[in-house]
Each structure stands twice: as C-alpha cells, then as structure tokens.
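What follows is one structure encoded as structure tokens, with my remarks underneath.
Protein chains: 4
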Amino acid sequence: MAGSTLGTIFRITTWGESHGKAVGVVIDGCPAGLSLSEEDIQPFLNRRKPGQSIYSTPRSEEDAVELLSGTFEGKTTGTPISMIVYNKSQQSRDYSQIASCYRPGHADYTFDAKYGFRDYRGGGRSSGRETTARVAAGAVAVKILQQLGITFTTFTRSIGDIEIDDTRFDKEEIFRNKLYMPDAEAAARAGDYILEMTKAHDSVGGCVEARITGVPAGLGDTVFEKLDANLAKAIMSIGAVKCVEIGDGANVSRMTGSEDNDAFFFDEQGNLTKASNHAGGILGGMSDGSEIRLRAAFKATPSILKMQHTVNKDNENIEISIKGRHDPVIVPRAVVVVEAMAAITLLDSLLLNMSATMDGIHKFYAKD
Amino acid sequence: MAGSTLGTIFRITTWGESHGKAVGVVIDGCPAGLSLSEEDIQPFLNRRKPGQSIYSTPRSEEDAVELLSGTFEGKTTGTPISMIVYNKSQQSRDYSQIASCYRPGHADYTFDAKYGFRDYRGGGRSSGRETTARVAAGAVAVKILQQLGITFTTFTRSIGDIEIDDTRFDKEEIFRNKLYMPDAEAAARAGDYILEMTKAHDSVGGCVEARITGVPAGLGDTVFEKLDANLAKAIMSIGAVKCVEIGDGANVSRMTGSEDNDAFFFDEQGNLTKASNHAGGILGGMSDGSEIRLRAAFKATPSILKMQHTVNKDNENIEISIKGRHDPVIVPRAVVVVEAMAAITLLDSLLLNMSATMDGIHKFYAKD
Amino acid sequence: MAGSTLGTIFRITTWGESHGKAVGVVIDGCPAGLSLSEEDIQPFLNRRKPGQSIYSTPRSEEDAVELLSGTFEGKTTGTPISMIVYNKSQQSRDYSQIASCYRPGHADYTFDAKYGFRDYRGGGRSSGRETTARVAAGAVAVKILQQLGITFTTFTRSIGDIEIDDTRFDKEEIFRNKLYMPDAEAAARAGDYILEMTKAHDSVGGCVEARITGVPAGLGDTVFEKLDANLAKAIMSIGAVKCVEIGDGANVSRMTGSEDNDAFFFDEQGNLTKASNHAGGILGGMSDGSEIRLRAAFKATPSILKMQHTVNKDNENIEISIKGRHDPVIVPRAVVVVEAMAAITLLDSLLLNMSATMDGIHKFYAKD
Amino acid sequence: MAGSTLGTIFRITTWGESHGKAVGVVIDGCPAGLSLSEEDIQPFLNRRKPGQSIYSTPRSEEDAVELLSGTFEGKTTGTPISMIVYNKSQQSRDYSQIASCYRPGHADYTFDAKYGFRDYRGGGRSSGRETTARVAAGAVAVKILQQLGITFTTFTRSIGDIEIDDTRFDKEEIFRNKLYMPDAEAAARAGDYILEMTKAHDSVGGCVEARITGVPAGLGDTVFEKLDANLAKAIMSIGAVKCVEIGDGANVSRMTGSEDNDAFFFDEQGNLTKASNHAGGILGGMSDGSEIRLRAAFKATPSILKMQHTVNKDNENIEISIKGRHDPVIVPRAVVVVEAMAAITLLDSLLLNMSATMDGIHKFYAKD
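Residue numbers (our numbering), protein chains in the order written: chain R, 78 to 445; chain D, 78 to 445; chain Y, 78 to 445; chain G, 78 to 445.
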C-alpha cells in the first residue's frame, strides 16, 4: 500500500528499512531559490541520532546525510531533492532472535498479517530509523518557515510521571540537557527515573510538546484539511504516539465554554490579540495568528529485557527477553521528529494558502 | 483551498453551509452491488439531528436525506452517490448580531483572515451542520463494514467531569438515554450538570469513545498512512475536537514497557490473541485484529449566553452575549459523527488493503 | 472506483447519470471573492445543450443550473460550490431496447464487466450528459482565467473529411453557425454531410481545436505534471475522444528538428517571442507564453439506426438498430466541453504555480 | 511544484538531473511477495541506454541500477522500493555553451520563467535522462503484469515519413534491428534516413506504438480516471511527445459510426469477442478485454548542429549550433519508455479495480 508519501505541494516520500542499505527521502515541490546544503540538514539529524547520551542506545551511527539532487550552485532548483543516509551499523545478528516470534508492542505480527512475511531484521520499515528521513525533510521545512518568521520550540514535556514545571520553563535549557527538557530539575529527576527503569530491564514513555510562533492567521481549511487535523495525522504517524492534543487538548472535555473560549481584544497598539490561548492557535481548523501548541504522548520502547509472554512460529506460547541495543526511552530522540512533522505539515498549509483569494491571485499574477 | 474531500478509494466530498440552501455529500468509489436506499441513511442522521432532547437545541430540523444518484433498482452501481439534505430552518435573523463581531471560540476571525470576508449567517461552512453530510456518508460505510462482520459501539464517555464507570458499561443503555452514555447513572448526573450549566448561561464539553470489533488484522500502513494516523486526522477534523487518543492514549506516556506491551498467546482454540489491549487494536499503524478503541475530546459549545469580551468591525473592544438556539453540549449529537468518520476511514483502509500482496492479486484475477 | 474528481487546488467532482434525477458538480478550492451567479454558468451550458439545431438531438432539455452553495452576497466564499442540473427529459422507454444487449461502441459491456450489472437506461454515468457538470465547472474556471487576461477560442476544426481552411479563419463565425466552425463555407459543407449521413442512418466524427492566449510562461511541471500531460488526460477523459494533439501534434513525427524547433528572438519592443509555434505554447511541460494549441479527435456517435451486429443477454448473436433521439454528430456540442476541460486544467496549474519560488512566497507573505 | 509522483496504489516518484550525481525512483505500493532483483530491471534499462548503435549518442553510460530498499531475501516486502542509477558520464564542459542562451525546442526558457534560474548543465530535470527512473519502475510493473498474463509488444512505428508495413509485421524483428522496428525493410530505410539527416546536421522524429494483450475487461473508470485518459497523461508526460492516440486515434474523426463501431459476437467457443478493434481495447474508459493499442508521436531531437536563431542572457538575438553527443533520433530509445509508462498506468488501474464490487470484496475478505 502506497503509504510513504505525505503532503500536497511540499510533498515528501521516505524509503528504507532499519537493516537495509540506507534510508532516504525525496522532497518534491520544494520552492526554487532556497539556499540549501548538507550543513542545513545534519544538525537536525544529530538531534535524532542514537548514542547521544547514557539514556539512549549505545549504537553510534554516523547518520551523515548526502544530497543527491535538486540543488544547483547551492540553491534549490524546484526539482525533487533526494537525500540519503546510509545504514552503517546493521548488525543483523543482534536481531536473529526475533525472526521466529512476535515481539509484544511491535509491528511484527501486523506486518505478517498484512504482507504474509516480513523483513525480520529489526523493525524493518516500522523501525524508528525511518524517521531519519522525516527529520531530513523537516530540516528543509523548518529552514523555509524560519525565513518567513516562523519559529519552533520543541521539547520533552514529561518522562513517565515527571513533567516539567511551566514556571521554570527555560528555552535555553532544552539543548543543555540530554533529555531536551526546558526544566533542569525535571530533567535530572527524569534521568534518574530512566536509569532506574533501565536497571529494572524496563522502559519508559513520555510526552513531547511543540510551540510554534509567527504563523500567519488563516492557514488550514474548514473541513477535512483542517490544520489541526493534518497535524494530528502527521504526529500520530510517528511510531509509538498514541495521543495528539492541540492547545488544552484532553482537558477541554472538562472545561465550560466560558473557561475555554479565548476572548479577542485590541491591544494598546491596536493589534487584534487573544486574552488566552486554550485553543492552541487554531480556530475552526485555521491558524489564528497566536502560538500553535501541540502535544504527543509516546509509549515506552516496546523492546525490553524483562521477560514477556508471546508466541513463536511453531504456534507455541513462549517467553522472551529482548536483547540488543535499545533506547530505554524514545522521547528525547523523538523531539526533533515531532518538530519535523509539524514543520512539514505547516509548510504545506502555508503554500496551499497562497491561492485562497482572488485578490491574492490578482496580485501574484499582476504584470508590473 | 480544496479541503472538502477525504479518502483514496472510498472518497467523500461534502458541501454546503449552515444557512445556505442545503448540505450534501458525494461518495465516489463506493463498491457496486450494495443495496442502498434513504432508509439506510436516515437513522444515522436522526442520531445527529437537533431537537432530540432538552439537552440540545430546540431547532427541529427534519434532516430528510435524498439520494440523487449512484443507485439503480435499489443497488449501488459503482458511480458517485450524491445525497442532499435541505436546510429547512434557516432563520437568518437569529444570527444578525454576529455579522459585525468575532465570536470567541468560533472560526469567524480565521475565516476573515483567510478569505477576506465570510458568510456571517451562523457558522457557515464551519458550522456543525456540515457534519450532516459526513454522517450520511458514514451510514454507507458502516453498512458495508457490517456486512463484513465489523461492528461499532460509539458512545459518550464523559460530560465535563462525569465519566462512565466501565464496570457499569451497558451497551443497550447507549440508546436508552438522550446522552448516548452506556451507564444510566452517569447519564443522570451528566444531565443534571448540563441543565445546571445551561442555567448559568454556560456550556460544557465531553468525550466520545468508539470501539470497533471484527476488523481484520493488517489494515493500514507502516508510515504516513498508518490506520491510527488516518483515524486521528478524520476525528480531529470534526469541529471542537482538541484531542484524539488510540487505546490507552495519553496514559501511555506514564506507563512502562512491561505495563503497556500486550502479550500475545494462543488461546485454547489455537487462535492468536492478546492478553490485554493497551494498544487499542493497532500496532505499528496496522490493525492487529483485536478491538479498535479511540477517544475524542470535545470542547464546550463556544456559543454561550454568558457575557464575553471580543472585538467588532469598528475595531472596538466590546462585550457580547450570544443568543440563538445553541446546544449547551455538542457531545451527544457528535457520537454518530465520530462513528461516521471512523467508519469512512476504516473502510478506505480495508479497500486499499486488497492489493497488498501478490498472492491476493493472483487469487483475485485468477481465471476460473 | 473513485474516478469522478479532477484537480489538486481547483478540484471538481461530478456526479449523476443520464436517466437519474439530476447531474451535478462540486467545485472545491475555488478562490474566494469571485463574483458568481447562475448567469455566469448558463451560457456555457446552453452551448452544450441538445436541441440547438437540426444537427443535434431534438431532445429539448432546459439544462437550467442551480447554485446550491459556496457563494454569499454574489461572491464565492472559498467553500465548495455545488451546482445541480435536473434531468427533465428522462424518457426511459426510449432506452428499453438496450437493457438486454450490448450496444457496439458504447460502455455497456465494459460496465457489466467491471461492476457486474449496469443502469441500462441510456448511457448512465457514461452518457455525454455527465459533461453538463464539467461545463458548469469550466464556466467558473474560464471566468477566473479571463480576469487574468487568458482567453479561449474553441471551435470545430473538422467534421468527417471536411476541415476548416485556416486562411478563412473567422473567429466571429464560430458562434454564427450551428457547428461552431470558424469557416462558414466549411460549415455549410459539413452541414450537408451530416444530413446525408443522417439519412443513411449513420453518424459522423470530427475534430475540436482550442487556442488559448495570455497564458503566463512557466505553468505546468517538468515530469509527470506537465501541462500538456494534464491537458491530454483532461481532454482524453471526454467520452468519444481517441486522440489528443498539442501544437503540431501527430505531424511532429514527420518533421526534422530544424523544421520543428521554434526560434526565439527579441522583437522590436524587446519582448522575448518565438518565430513560430510548432510547440503549441508548451515547452518541456511548461507554458512558454505563446498561444497554447490543442486538438481532440472525436469518434462518430456510436448510436446509429443502421443495423449492427451484437450480442444479447441470452448469449445470442443478434442485430440491432438503435432508436432514440441521438446526435448524428457530437462534435459541435463537445466544443464547450473541450474548452471547459482545458480551462479547469489550466487554472489548476496556474494556482499550483504560485508556490514555485522562494521569491514569490516571500513577496506573498511579506508584512506591509 | 510537486510533479514527480504518479499513481494511486502503485505509485512512483522519480528524482535526479542529467548532470547531478544520480537519478532514481521510489516505488511505493508495490505488492509484497514479488521476487525481484536488479536482474529484472537491468534489461529494461539496457533498451533505453545510450550508445546502443550508430543511430544514438556515443555516450556510453553504464546505467547500472542498484536496489536500495523494499526487498528481503529476494522478494518485495510491500515497503518502498528505492532504485538508483549513478550518472557516470557527466561531462559538464560539453554543455557550457548553453548556460547563456535558450536552446530552441528545449525547456531552458520555460524553466527560467517558472523558477527564476536553472541548472544549465544540459537539460537538468527536463533531460531524457529522467526517463531512466521511469524505465526502472516500468520493469517492475511489466513483471507483475506478465505474471497475470498481460504482455507488451512495443516498437517504433515510424521514423520521419517511413512507417512500418503492417503486412510485414514481425514481432521477432523488433529486437533484431537497432531501431526496434517490426519490419526489417522499413528499419533499413529509416536507418538510411537518420544517417542522411545526421549528415545534414539535423534530427528526426517518429512514432512509437504499444500493443497490450491479456488485459482483463473492466479496468479504468467512466469519468476522469478513464484508462485511456490516464494512458494519455502518462505517455504525454514523456518529453518530446506531442500526440497520443488510442486505437484508430486521429482517424476516427473521419470515420462514420458504422465504420468505427466494433461489432460484438460470440465466437464458436462461446467467448464474447469483437469483429474489429477500432476502439483499441478501451470502451467508455474501461478495458474491453481485446488488445489495447496506443501510439505516441515524438518530435525530432531539438539539439541540432544546424545553425538556429535564439537569444542570449544579454538580451541579444544570436545564432547557435548545438554541439555535444546528441541522439539524431530519440524514438528507438523511447520505445521502452512508452512501454514503462503504459505498464505503470495499467498496473495501477488493475490494482484499483479490485475494490469495484461488493462481491469481490466479500470474496476477498471471506474467512475460509
């Protein structure tokens, strides 16, 4: 099933498996004239790559991206941008155990159910490694959006029960700790919790939040292509995400209209603004000009050393302990994946929005 | 922006505004040979229509659906099915107040920001009335899925703070109370709460849950077209939804791997099954054959009598009290909308899945 | 199969059968702020409707279009525009003969092969009546393009062997004769030929040409979404078309490079222009600013009184004479259909083109 | 503009320029379980690659394809198949002349008009080199179709005025001469003509025909997704094609209904068949089970040594002679490109067709 393409104007197609030769992405529809090189992409991949800290897998993949097409003399030409990241560290032996059984919490069983067989060397296409390609594309989207004054602040909101305290929110702190948390104290406690669970041969979940400022009002659409609907799809398409929230999210079900509605007012400079932002920057499916806020809940890494019940190919009920170099928590490395998916979605909406009105079209095509 | 079409094989396009002549839907790609008439559609529309109880707007729209194309001698022909529901109760005077200001929590401002002006007679295209068309299409999807053994149980999980008690879950009760709650006691308390808030000129939110059984394993895809990603988009595209959860949803961020993983085992009949269903029936983006569970959080109706701050066309900060026949809570009427969107998404995945393997294709095109 | 939607930004969905209640179209993605009413649409439908002359079927359908949504106070709002044309003249008895056999040259057999049965009252969805909906949408596209200085001259190039003489080309003549030919002499001879063939209980084919001026250079894309590729699809999707040509079309296969290449030069005003236009205004899939020229070859109406061999439901070889009110030639009524399909395709390319460069995006989103 | 993706279920995305590092394709939606290796692809690329004969460019690119993803143990897994062909022979100096002017008949001008600048090293994305990627994808499509009994016979129908004589049609001959013509005598004359024109520093056009047998009846759709409409788009998207014909093509405009209609009859074995095939195997947009026939007219290679008028960057009218290793005729190498595009289109229709009827769906999902 053709499920590896996303977007209408800014459209990405990813390919590759965890234990194949490489993973890659083709960006089609990137506007011409953007200065772009590997140096723009690599920092984003570095935020995602394994081996960054004691909290992540000791696999040290280089994850060096190579641009294969779509630029000329340092600028995008409007043609497809193909990027590739070779898999350096495919130690298939690590995964030989899993060929004959279904790992709980993984896609092993559903892959077999759909396709009749599977690439049993790790997660294959369902591996988190696929997100390398998303992040490479996201780096391009973020660069374009930044030029239009749109900025992203994406971070780990919680690990297990340990949530950041918004009164201690420190944007600079995000890149100072290995968990990408904007609250040093919460990060310290979360680090201890991860190590504790690792010792217990278990793994932990957590929550990622993205805040996006500078978004023009009016992006998105009123029915199926609502900006929040597309963000929900993009974020939920990240493996391990089981919940997507916009603005106050799940809490809105417990609020009254008078609590939840954001009052409009003109500030002293005469700018239209909102007294609060429970809506998270999206009203009726369209951006309202205020900060966009979204959250994604990630489940714990399903690969754990702890003994689990499952079945094998010989139709037997068995127990397994999953060995290998697995992250005890996927959340810190997923922060940049959430940012990438949000940016890709937002950019596509921004480009689609250009043809919304006759006035805009007349201005665009006016002869000087 | 073209945002009123959803789906790849089973594809719906809705049209119409709250105060225009009619709303409607075109279903393209419905398989031929399904027996279908207005009688299949109307019961679904009746679950959505206003005026069902003291908890909803007293507007009593008839919402009678008419089939305009796509069937012959009582069966679908494979051609587009066009359905129309005329707007009987467009009393534009009720809405004259809102032409000159932006209602908090509504799309008035974002519509103007995007399109330069708006149909100020009610919510226009952003009105909940648009969901009439979705429900008509959903009725067709549900009918097809039922023939394949797939069943839906969709209900109000909570109103404000009042949540059903799963130990009292009674499927039959859902259609016995006006709030579509499977717990009579919770429904009674929720009813009281709604009336109380109505008296306070306020409104309330809530949560809808859908449970889907009989889904074959393997529907959905591994990357962007994950079944849960498409469900998230479809559900988040319903106005007022701010959170979508699959399985244990937001809670997974607080669980460990050993708590969250669902163990596989062969039961006494030798069927592969799972010891728990924290995943909500979807693993790696594909259905795993167990019950699919999803939840949507709805915000409170933004139209309230209570005084609110906002701005008007003359760039003044003003206060408004929104009059008119508004639902104090949208949740009960939204239950069938969630069911419709889930069914449309699931059916599309099911049809796309038919070409997943060479074996399936060979069997399909084999000459007898 | 979902095959009734066309376009990415300006997207149309048609529905309805020849003998159902109505045919219609939903235009999604029409820019907001276009003044639009039924008066803009009806003249286009009148060019297509039957009963215009002795050369077309005596059925006199009114084909009055009704706008159901998408406008407010005479302007488009950016939301879906739904238009309906009721079928007034469904005399099903005219078609009872064809229920039991496959008419040669029609879709009767292929419909049964695909869907297992068919609406046997006339062509059903395959009827030329479906093009009513295309023409209604095309009228909107033409109106938008005209505002941008793009004009269409569409006409009958040939009927049978009788082709217009380009030296006698008279644009005004197109609307003076019933065959929409820009050459009165050719029209007269073609009229005679049609009457002769009608007497012989036969039918005739012909060719339609469209010339489009004022198209900005750069519309279309370099690979699959070439402007000519999309025009070819749009035009070939009109029933009875078996050949689409761009510029010199089939003749290019017999030309040398030096004959076919159009030399560039700067004219006396310093404008870049071409010394010839063999390319028909499209180079490398993108418009080059010169006149776009395309031609479509239509086969003769397959419904003829003349006796033909075919088969019936009882698996017998039989002979049939197809009675009913059929056009002896479809070409004159198809002229506006070609124009509509070309306009819809061109407009979509024009809107997609707005996001081609970073410069264009910066200018569009610049804050004043 | 995102224009490098084609197809709904079997979906290909190509990337790469003539003088970049590589060209490639991602096939998304290929069914799982197809045995596939580079050996299946390479023979198709060899039919397209330059340097095969004195009639084509002496550039001898190796065009070795490498499979990067999507297979495991020699079989497709259902995940994206990424294929890459490195550009070995990028001698940029050959093309330095063209950086400062617009070559007639090329996309140089339109590229600049759309994107503001271009990769001036050869045709860039508009180069015929991009078709390498299409052919690689086409090889996969052909392999799948062959397993279902569908076969392709694709050949050069004409070069300049020299057309094959159908009475001398010899399928085996196609691969015996370097022009891929099924008529040795025509091939000999065409070869002489090409050499003559080469000496005259000119180039020639020609026509490619494809015949496809074994196609089940019912593929395609009745409105915009007609099989012939999609074939027209796919074929017209090949650079240099200016005309696409189905069946009798342009000739139908000169035929009467009684000449053009194909009579149905039951043959002696009781099989439904047609007495003729003017329709080229497609009726009402759907395959009718008889041989599909289509033709594409290619213009002459625009790059010629002969002096031509054009303009340069300094806004001067100049004359150029285009040097470099250009094919005097593109047609023979384009034969396999036409086959690839037809196969990709046909396969997508075949997969989409699986969900056409409730009966088919019930059979597919029936539990044994």
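In this text, a Cβ means the ideal position worked out from N, Cα and C, and glycines have one as well.
Candidates the options, of which the one nearest residue i by Cα
{"i": "F252(D)", "options": "A264(D), D242(D), T244(D)", "result": "A264(D)"}
{"i": "L113(R)", "options": "R206(R), A216(R), N254(R), Y186(R)", "result": "A216(R)"}
{"i": "A214(D)", "options": "N164(D), G334(D), E115(D), P409(D)", "result": "E115(D)"}
{"i": "M435(R)", "options": "G362(Y), P181(Y), Q223(Y), F301(Y)", "result": "Q223(Y)"}
{"i": "N394(Y)", "options": "R206(Y), T290(Y), P405(Y), R180(Y)", "result": "R180(Y)"}
{"i": "I381(D)", "options": "M431(D), K400(D), R370(D)", "result": "K400(D)"}
{"i": "T154(G)", "options": "G324(D), M332(D), V329(D), D298(D)", "result": "D298(D)"}
{"i": "N123(Y)", "options": "I131(Y), D140(Y), Y132(Y)", "result": "D140(Y)"}
{"i": "F194(D)", "options": "G147(Y), R202(Y), Q174(Y)", "result": "G147(Y)"}
{"i": "A306(Y)", "options": "L304(G), V318(G), F246(G), L429(G)", "result": "V318(G)"}
{"i": "N164(R)", "options": "F188(R), D189(R), I175(R), G205(R)", "result": "G205(R)"}
{"i": "Q129(G)", "options": "A277(G), N254(G), G84(G)", "result": "N254(G)"}
Proximity test, Cβ basis, 7 Å: residue i and chain G
{"i": "M435(D)", "result": "yes"}
{"i": "K303(R)", "result": "no"}
{"i": "T231(Y)", "result": "no"}
{"i": "K98(R)", "result": "yes"}
Beta-carbon contacts of residue i that lie in its chain and below 6 Å, excluding the five residues immediately before and after
{"i": "I315(R)", "result": "V414"}
{"i": "W92(R)", "result": "G101"}
{"i": "D105(Y)", "result": "R88, P157"}
{"i": "G237(G)", "result": "Y270, V281"}
{"i": "V103(G)", "result": "T90, P157, S159"}
Cβ shell of residue i (< 8 Å), same chain only, five flanking positions each side left out
{"i": "K152(G)", "result": "A109, G110, L111, S112, L113"}
{"i": "F343(Y)", "result": "L349, T350"}
{"i": "V285(D)", "result": "T231, F232, T233, R234, R372, A373, F375, V408, A411, V412, V415"}
Cutoff 7 Å: residue i Cβ touching any chain Y Cβ
{"i": "L111(R)", "result": "yes"}
{"i": "V212(D)", "result": "no"}
{"i": "F341(G)", "result": "yes"}
{"i": "H386(G)", "result": "yes"}
{"i": "T422(G)", "result": "no"}
{"i": "I175(G)", "result": "no"}
Proximity below 7 Å, CB of residue i to CB of residue j
{"i": "C320(G)", "j": "E336(Y)", "result": "no"}
{"i": "A79(G)", "j": "L145(R)", "result": "no"}
{"i": "A287(D)", "j": "A184(D)", "result": "no"}
{"i": "S432(Y)", "j": "I438(R)", "result": "no"}
{"i": "L296(Y)", "j": "T422(Y)", "result": "no"}
{"i": "E368(G)", "j": "T290(G)", "result": "yes"}
{"i": "L304(D)", "j": "I359(D)", "result": "yes"}
{"i": "T209(G)", "j": "V162(G)", "result": "yes"}
{"i": "G324(Y)", "j": "G362(Y)", "result": "no"}
{"i": "D243(Y)", "j": "P259(Y)", "result": "no"}
is_contact[residue i, chain D] using C-beta, thresh 7 Å
{"i": "N164(R)", "result": "no"}
{"i": "T228(R)", "result": "no"}
{"i": "V103(R)", "result": "no"}
{"i": "I407(R)", "result": "no"}
Spatial neighbours of residue i in its chain, beta-carbon cut-off 7 Å, leaving aside the 5 residues before and after
{"i": "Y257(D)", "result": "F232, T233, I251, P409, V412"}
{"i": "V212(Y)", "result": "F121, L122, R125, V413, V414, A417"}
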